[in-house]
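Student: Just passing along the structure, written as structure tokens.
Protein chains: 2
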Amino acid sequence: MNTTPVWSVDARTGARTAEVAVEASTGDVDRAVRAAHAARPALADRTLRAALLRAAADRLEARGEELVTAADRETALGAVRLTGELARTTYQLRAFAAVVDEGAFLDVVIDHADPGAQPAPRPDLRRWKTPLGVVAVFAASNFPLAFSVPGGDTASALAAGCPVVVKAHPDHPETSGIAASALREAAESVGLPADVLVLVHGRQAGVDLVQHPLVSAAGFTGSIPGGRALFDLAAARPVPIPFHGELGSLNPVVVTEGAAAERAEEIGAGLAGSFTLGMGQFCTKPGLVLVPQGPDGDRLEKALAAGAGDAPAGALLDGRMRAGFLAGFAERAALPDVGTPVAAGEAGEAGYAVKPGYLSVPAARLVQDSHRALLEECFGPVTVIARYRGPEEVEAVLGRLHGNLTATLHAEPGEQGATELLARLTPLAGRVLFGGWPTGVAVAPAMQHGGPYPATTSTGTSVGGTAIERWLRPVVLQNVPEALLPPELHDANPLRVPRRLDGHLETPR
Amino acid sequence: MNTTPVWSVDARTGARTAEVAVEASTGDVDRAVRAAHAARPALADRTLRAALLRAAADRLEARGEELVTAADRETALGAVRLTGELARTTYQLRAFAAVVDEGAFLDVVIDHADPGAQPAPRPDLRRWKTPLGVVAVFAASNFPLAFSVPGGDTASALAAGCPVVVKAHPDHPETSGIAASALREAAESVGLPADVLVLVHGRQAGVDLVQHPLVSAAGFTGSIPGGRALFDLAAARPVPIPFHGELGSLNPVVVTEGAAAERAEEIGAGLAGSFTLGMGQFCTKPGLVLVPQGPDGDRLEKALAAGAGDAPAGALLDGRMRAGFLAGFAERAALPDVGTPVAAGEAGEAGYAVKPGYLSVPAARLVQDSHRALLEECFGPVTVIARYRGPEEVEAVLGRLHGNLTATLHAEPGEQGATELLARLTPLAGRVLFGGWPTGVAVAPAMQHGGPYPATTSTGTSVGGTAIERWLRPVVLQNVPEALLPPELHDANPLRVPRRLDGHLETPR
């Protein structure tokens, strides 16, 4: 029997505050998955699913103070940020309830039988999407609510009709426990089994989870090594399963000559705010910024240096991240031709505090293998300014980038080459911004939070209404009598779901 | 330099008729992929893509006699079937042209900026789907047209805007060459580069193709071992790619007591026709049929035996398949309690001819590991009748099945337990039929030709309008000025694409 304790740790002091759980054994994971699996039939009712999501939002709000207090102690992200994150989380749950109610995600397509159809007679075909089964959710370190137990993966999976087993992140086990209990209470309050969501702790639990035969899909937010290891396990199963992992992203930014000339100070200050936001612990942190050489770029860097220099020190999420950040900064700073106009470093005496910094390097260096590290994500409050001499150097750097969640272009409207640059950035990312900064991911129907590998291991999104698509599988029913069909597939469309009928799109609302 | 010749073989005689190509070397594959990759920008124009698909259909029809003659010689499937398959193929190409024209597949979602949005201000977000890049298509043995060079994977990939490199199936290299040249001519006739489709031959070419860094996705139809090996390579790449493989399917059928009582002869005769159609070489061939014990089931078997006994001998696609079929039948027939009311076997003296047969076994045997082979696909004209004593035995057998393309229920309308059986079959398959037979896959918007593993390695379909979704990736543009947006994302919607605008579905046509 595994009794390895799971400790809650105060991120500001590094001190253990309480033993809040034990790590799940392989047997525990098996029981968790079987319990969730048994809850599948109950989730088939869309009305109940929508009610569950709304009740979950209500319960989380009711326990908001408790959640924010625990999350702040465990992550040091601050009560303001975490209160906002809770609002985002409950908004997201309710948004998915609306998605469930509308039913467009079912992708209903009906073709009536046509004995005279060419090139062959056609049977009656009625297609819709069905839940995949139990979904394993791996919580993220940096969003203890919005990308963890009650986050987007969980909300979208429940919306799809899939029970969830969440593997808690070790940085916030107490927060995870509170959130899980709120969600389980919500389930029972609407007449669903609590086991539509089950929480497990421990690294081996995650490995067991992704390999369990009754787990049908997985959602993950975390590091490239951890995510790739789990992706590989998912793909190597006797029955492979979809693994929707968000692993890592550099989030490149290109500042044109025109933009630097017009808005150097604004861009420099904005960048300082973006890369230090949440102590640089966003997956959308801009990690590489291409800035022109010359006086306009110098002005930009001056504003950036001022902003970054003024940015307060703060705690990172855990000791491993702090060590990784400090080592990553030092490794990059030691490379030839890399300057540290504002040096990151240790701060304070206890906990995981660091102070932000940035690096500056001629863009030409970035095409050299020796400087490869500068094109890889360094988690925490650091960014890299690459000073370029012309479009060829920009192209040379972009040509060496992997996939990203975001890519940003700062250009002046009408500036020559802007269209081409935008087109050049599109294959590199899932979200392409014109101006502004990538930190801050709106929860909206059109959001795409997912990009080419390693940003994401699939073409899915983990934010926005279409995140539900990851947990569904189409099934077509052929020549099934209406009495045996679900109402969503009846001709009369009693539930008024959007559908494609004999080729034509219908939006009944 | 690789000069291994590729021979066209007459399937009726087994004789080599002509050396029609050479196997592609690793360098050849690299050149093929790079040529296709260079054709990507040209395919960005949706109007040209639709024109390409229609021109391809026209060219294939113009060369129809040549294609059918070559395909019949190489596969022995017969001119009638192949003429029908050509019609299906050209219909499919034109259907995808209509999908491209309509633009619903772009999944356009627009959220206007809302500075007052809760829980956070919202930027202008415009999401659509973009082509993934070069798609590798692995042609199927059993459909030299509809699932090969000009087949559904190619048509849907081109429709999505992805150039295609097809790995020809060794059973029909000459047919593949003719079809590829027709498609390349079609491309040039509409002003596109011929290299939107490139053909390669050879087993190693397939291995090289799925590992090429510029290949972004793959479509495959074939065997479980071959498909799984390629799936594993795709997943193990430094940058993994989606691998949409259709590998194998048992296609279970359940005949209830009521259906057997009412329609024993009709069901028996229908089954004989379905499992011998195309010499049993359909991925949707019913390979396991649960039939009640007792006199009604006996009548069903009698009709089946009559039909199967009358079914003509014919050539399989190649010598490997013939050997596998004969060995597979003999292995299963040798198991305890397995009867061979109609024994399959060799037929004729030349070529790959066999005669159809079927096996009969008590359903209780199928829960024993010794009889595992009876629950695995045996390609060719054979099916397994499992005689059951009650619902518990049906459930026990269904509980041992892997995923399938199809599952079929023969029940009487209103028969007790029919609803539950239909629900029981749904998790097992992508298409669930009430009555009829699974052979024959309608090309229709609602079709789902893809089911749980090993039927398919993804949740996609390889037939029907939604097959296009496999080759696309969503991208959202944030705060991009209209002058830099594609017309599909303009507020005024000049191209009249269906979309979701500020949450509301719009169908402008």
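Protein chains in written order, with my numbering: chain A, 10 to 518; chain B, 10 to 518. Glycine residues also receive a C-beta, built at the ideal position from the N, C-alpha and C atoms. Please read all numbers here as calculations on a predicted model, not as lab measurements.
Note down, in chain order, each residue of its chain lying with its Cβ closer than 8 Å to the Cβ of residue 383(A), except the 5 sequence neighbours on either side.
Tutor: Counted from its first residue, the first sequence places residue 383(A) at position 374. Closer than 8 Å at the Cβ level, and outside the excluded window around residue 383(A), lie 297, 341, 344, 347, 368, 370, 374, 375, 393, 395.
Student: Give the range of the beta strand (DSSP E) segment to which residue 136(B) is assigned.
Tutor: Taking the first residue of the second sequence as position 1, residue 136(B) is located at position 127. Residues 134-140.
Student: I'd like to confirm the pairing. Which residues does DSSP put opposite residue 392(B) in its beta bridges?
Tutor: Position 383 of the second sequence holds residue 392(B). Note: residue 392(B) sits in a beta bridge opposite 367(B).
Student: Just the C-alpha distance for residue 130(A) and residue 53(B), rounded to the nearest angstrom, thanks.
Tutor: Taking the first residue of the first sequence as position 1, residue 130(A) is located at position 121. Taking the first residue of the second sequence as position 1, residue 53(B) is located at position 44. Cα-Cα distance, rounded: 34 Å.
Student: Can you tell which of 440(B), 460(B), 397(B), 493(B) has its C-alpha closest to the C-alpha of residue 425(A)?
Tutor: What you label residue 425(A) is simply residue 416 of the first sequence in a count that begins at 1. The residue with the shortest Cα to Cα distance from residue 425(A) is 493(B).
Student: Between which two residues does the beta strand (DSSP E) containing residue 482(A) stretch?
Tutor: Counted from its first residue, the first sequence places residue 482(A) at position 473. Counting along the chain, the beta strand (DSSP E) containing residue 482(A) begins and ends at 481-487.
Student: Would you say residue 127(B) reaches chain A, if we count a Cβ-Cβ gap shorter than 8 Å as a contact?
Tutor: As a working mapping, residue 127(B) is identified with position 118 in the second sequence. For residue 127(B), the answer is yes, since a Cβ of chain A falls inside 8 Å of its Cβ.
Student: Does the CB of residue 475(B) have a neighbour CB from chain A at under 8 Å?
Tutor: In the second sequence, residue 475(B) corresponds to position 466, counting from 1. So yes, residue 475(B) belongs to the interface.
Student: Do three or more CB pairs link the region 473-483 of chain B to the region 18-26 of chain B at distances below 8 Å?
Tutor: In short, these stretches do not touch, since the Cβ pair count stays below three.
Student: Are residue 363(A) and residue 314(A) touching if we call contact CB-CB under 8 Å?
Tutor: As a working note, residue 363(A) is residue 354 in the first sequence. As a working note, residue 314(A) is residue 305 in the first sequence. Against a cut-off of 8 Å, the Cβ pair of residue 314(A) and residue 363(A) comes out as no contact.
Student: Of all the residues that make up the region 154-182 of chain A, which are near chain B by a beta-carbon distance shorter than 7 Å?
Tutor: Those would be none; no residue qualifies.
Student: Answer yes or no: does any C-beta atom of chain B fall closer than 8 Å to that of residue 143(A)?
Tutor: Here residue 143(A) is taken as the residue at index 134 of the first sequence, counted from 1. No, no contact with chain B.
Student: So, at 7 Å on beta carbons, what are the nonlocal neighbours of residue 232(B) in its own chain, with the 5 sequence-adjacent residues on each side left out?
Tutor: Taking the second sequence and counting its residues from 1, one reaches residue 232(B) at position 223. Excluding sequence neighbours, residue 232(B) sits near 256, 257.
Student: Determine, using beta carbons only, whether residue 223(B) and residue 46(B) come nearer to each other than 8 Å.
Tutor: Taking the first residue of the second sequence as position 1, residue 223(B) is located at position 214. Taking the first residue of the second sequence as position 1, residue 46(B) is located at position 37. Yes; because the gap between Cβ atoms is below 8 Å, this pair is in contact.
Student: Whose Cβ in chain B lies nearer than 9 Å to the Cβ of residue 502(A)?
Tutor: The residue labelled residue 502(A) in the question sits at position 493 within the first sequence. Within 9 Å Cβ-Cβ: nothing; residue 502(A) doesn't reach chain B, min ~14 Å.
Student: Report the residues of the region 239-252 of chain A with a CB closer than 8 Å to any CB of chain B, ordered along the chain.
Tutor: Those residues of the region 239-252 of chain A that come within reach of chain B (Cβ to Cβ, closer than 8 Å) are 240, 241, 244, 245, 248, 249, 251.
Student: So residue 95(A) and residue 76(A) are in contact, right, with Cβ under 8 Å, and what is the actual spacing, rounded?
Tutor: In the first sequence, counting from the first residue as 1, residue 95(A) sits at position 86. In the first sequence, counting from the first residue as 1, residue 76(A) sits at position 67. Their Cβ separation, rounded to whole angstroms, is 6 Å, which keeps residue 95(A) and residue 76(A) in contact under 8 Å.
Student: Is it right to say residue 140(A) is buried, meaning 16 or more other beta carbons lie within 10 angstroms of its own, or is it exposed?
Tutor: Here residue 140(A) refers to the residue found at position 131 of the first sequence. Classification for residue 140(A): buried.
Student: Helix, strand or coil for residue 90(B)? Go by DSSP, reduced to three states.
Tutor: Looking up residue 90(B) in the second sequence gives position 81. Helix, per DSSP.
Student: For residue 293(B) versus residue 448(B), is the C-beta spacing smaller than 8 Å?
Tutor: Here residue 293(B) is taken as the residue at index 284 of the second sequence, counted from 1. Here residue 448(B) is taken as the residue at index 439 of the second sequence, counted from 1. Yes. Within cutoff.
Student: Rounded to whole angstroms, what is the Cα-Cα separation between residue 511(A) and residue 489(A)?
Tutor: On the first sequence, residue 511(A) is found 502 positions in, with the first residue counted as 1. On the first sequence, residue 489(A) is found 480 positions in, with the first residue counted as 1. Each residue's Cα considered, the two are about 17 Å apart.
Student: For residue 105(A), which residues does DSSP report across the bridge?
Tutor: Here residue 105(A) refers to the residue found at position 96 when the first sequence is read from its first residue. Its beta-bridge partners do not exist; DSSP assigns none.
Student: Check whether the Cβ atoms of residue 202(B) and residue 41(B) sit closer than 8 Å, and answer yes or no.
Tutor: Counting from one through the second sequence, the residue named residue 202(B) turns up at place 193. Counting from one through the second sequence, the residue named residue 41(B) turns up at place 32. For residue 202(B) and residue 41(B), no; Cβs fall outside 8 Å.
Student: Look at the alpha carbon of residue 471(A) and the alpha carbon of residue 307(A), and state the distance between them as a whole number of angstroms.
Tutor: Taking the first residue of the first sequence as 1, we reach residue 471(A) at position 462. Taking the first residue of the first sequence as 1, we reach residue 307(A) at position 298. Those two C-alpha atoms are separated by around 37 Å.
Student: Any C-beta of chain A within less than 7 Å: which residues of the region 426-447 of chain B qualify?
Tutor: Residues 427, 428, 431, 435, 439, 440, 441, 442, 443, 444, 445.
Student: Output the distance between the C-alpha atoms of residue 276(B) and residue 37(A), rounded to the nearest integer angstrom.
Tutor: Taking the first residue of the second sequence as 1, we reach residue 276(B) at position 267. Taking the first residue of the first sequence as 1, we reach residue 37(A) at position 28. So the two alpha carbons sit approximately 48 Å from each other.
Student: Determine whether the beta carbon atoms of residue 138(A) and residue 115(A) lie at a separation below 8 Å.
Tutor: Here residue 138(A) is taken as the residue at index 129 of the first sequence, counted from 1. Here residue 115(A) is taken as the residue at index 106 of the first sequence, counted from 1. It is a contact, given that the beta carbons lie within the stated cut-off.
Student: Should residue 186(A) be labelled buried (16 or more other beta-carbon atoms within 10 Å of its own) or exposed?
Tutor: As a working mapping, residue 186(A) is identified with position 177 in the first sequence. It counts as buried.
Student: Can the beta-carbon of residue 300(B) be found less than 8 Å from the beta-carbon of residue 418(B)?
Tutor: The residue labelled residue 300(B) in the question sits at position 291 within the second sequence. The residue labelled residue 418(B) in the question sits at position 409 within the second sequence. No, these two residues do not count as a Cβ contact at 8 Å.
Student: Let's see if you can read the secondary structure: which residues bound the alpha helix (DSSP H) around residue 233(A)?
Tutor: Taking the first residue of the first sequence as position 1, residue 233(A) is located at position 224. Per DSSP, residue 233(A) belongs to the alpha helix (DSSP H) from 233-245.
Student: The beta strand (DSSP E) spanning residue 28(B) covers which residue range?
Tutor: Reading the second sequence from its first residue, position 19 is the one you call residue 28(B). 25-31 is the span of the beta strand (DSSP E), which, as asked, contains residue 28(B).
Student: Leaving aside the five residues before and after residue 211(B) along the sequence, list all residues of the same chain whose C-beta is less than 6 Å from its C-beta, in chain order.
Tutor: Locating residue 211(B) in the second sequence gives position 202, counting from the first residue. Correct list, in chain order: 32, 33.
Student: In the DSSP assignment, find the alpha helix (DSSP H) that holds residue 291(A) and state where it starts and stops.
Tutor: Stepping through the first sequence from its first residue, residue 291(A) is reached at position 282. No alpha helix (DSSP H) contains residue 291(A), which DSSP labels as neither H nor E.
Student: Check each residue of the region 284-305 of chain A: if its Cβ is closer than 9 Å to any Cβ of chain B, include it; give the result in chain order.
Tutor: Hits within the stretch: zero.
Student: Determine, using beta carbons only, whether residue 97(A) comes closer than 8 Å to chain B.
Tutor: Residue 97(A) sits at position 88 when you count from the first residue of the first sequence. Chain B contact via Cβ: present.
Student: Can you tell me whether DSSP reads residue 114(B) as helix, strand or coil?
Tutor: Taking the first residue of the second sequence as position 1, residue 114(B) is located at position 105. In the structure shown, residue 114(B) sits in a helix (DSSP, three-state: H, G or I).
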